[in-house]
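This report concerns only the one structure given below.
Residue numbers (my numbering): 40 to 176.
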């Protein structure tokens, strides 16, 4: 199916009118996106630039969720008390804000850098602390 650069307005059976966009990537062939608005007339007004803005905003939200889970540990808490859970969530959000501030000030290049550098340092110290001179690795 050929999808124009400005998107393709089409009708989905038992759903309504949508606008279909295709985004081409370097490593993948392409990915398809569907936009829907309750007002069928406004769906025609959505341009490629509007789609790109929506897509970039969505991607920013996705990267935030991934970072707050992987780097800030928002999902890793071993408490059941409501107050402790709220404290953990607050601390995770505060950690993310600090990482984002460091990234915006060019102190770090990305959110994962602090974690990676800490891990590398710990591994380095462990290897040299346990390295015996008479053993060849």
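For every residue, glycine included, the Cβ atom is placed at its ideal position computed from N, Cα and C.
All values reported here derive from a predicted model rather than from experimental measurement.
Quiz item: Which residue's Cα is closest to the Cα of residue 80: 63, 49, 167, 155?
Solution: Position 41 of the chain shown, counted from the first residue, corresponds to residue 80. Comparing Cα-Cα distances from residue 80 to each of 63, 49, 167, 155, the minimum goes to 49.
Exercise. Go through its chain and collect everything with a Cβ distance to residue 71's Cβ below 6 Å, but skip five positions before and after it.
Key: Start at 1 with the first residue of the chain shown, and residue 71 comes out as number 32. Only 61 meet the Cβ criterion.
Practice problem: Could you tell me the distance, in whole angstroms, from the CA atom of residue 127 to the CA atom of residue 94? | Solution: Here residue 127 refers to the residue found at position 88 of the chain shown. Here residue 94 refers to the residue found at position 55 of the chain shown. If you draw a straight line from the Cα of residue 127 to the Cα of residue 94, it comes to about 30 Å.
Exercise. Helix, strand or coil for residue 70, going by three-state DSSP, please let me know.
Key: Here residue 70 corresponds to residue number 31 of the chain shown, with the count starting at 1. Looking at residue 70 - three-state DSSP - the assignment turns out to be strand.
Exercise. Taking 8 Å as the cut-off, decide whether the C-beta atoms of residue 138 and residue 153 are in contact.
Key: Working through the chain shown from its first residue, we reach residue 138 at position 99. Working through the chain shown from its first residue, we reach residue 153 at position 114. Cβ atoms of residue 138 and residue 153: closer than 8 Å.
Quiz item: Between the C-alpha atoms of residue 159 and residue 149, what's the straight-line distance to the nearest angstrom?
Solution: Reading the chain shown from its first residue, position 120 is the one you call residue 159. Reading the chain shown from its first residue, position 110 is the one you call residue 149. Going by the C-alpha atoms only, they are around 16 Å apart.
Quiz item: Three-state secondary structure (DSSP) at residue 99?
Solution: Residue mapping note: residue 99 aligns to position 60 of the chain shown, counting from 1. Correct three-state label for residue 99: helix.
Quiz item: From 103, 76, 102, pick the residue whose C-alpha is nearest to that of residue 90; which is it?
Solution: Here residue 90 is taken as the residue at index 51 of the chain shown, counted from 1. Of the candidates 103, 76, 102, the one whose C-alpha sits nearest the C-alpha of residue 90 is 76.
Self-check item: Coil, strand or helix - residue 120 by DSSP
Solution: The residue you call residue 120 lines up with position 81 of the chain shown. Judged by DSSP in its simplified three-state form, residue 120 adopts coil rather than helix or strand.
Exercise. Please state whether DSSP places residue 52 in a helix, a strand or coil.
Key: For the purposes of this step, residue 52 is identified with residue 13 of the chain shown, where counting begins at 1. In this structure, residue 52 counts as coil in the three-state DSSP scheme.
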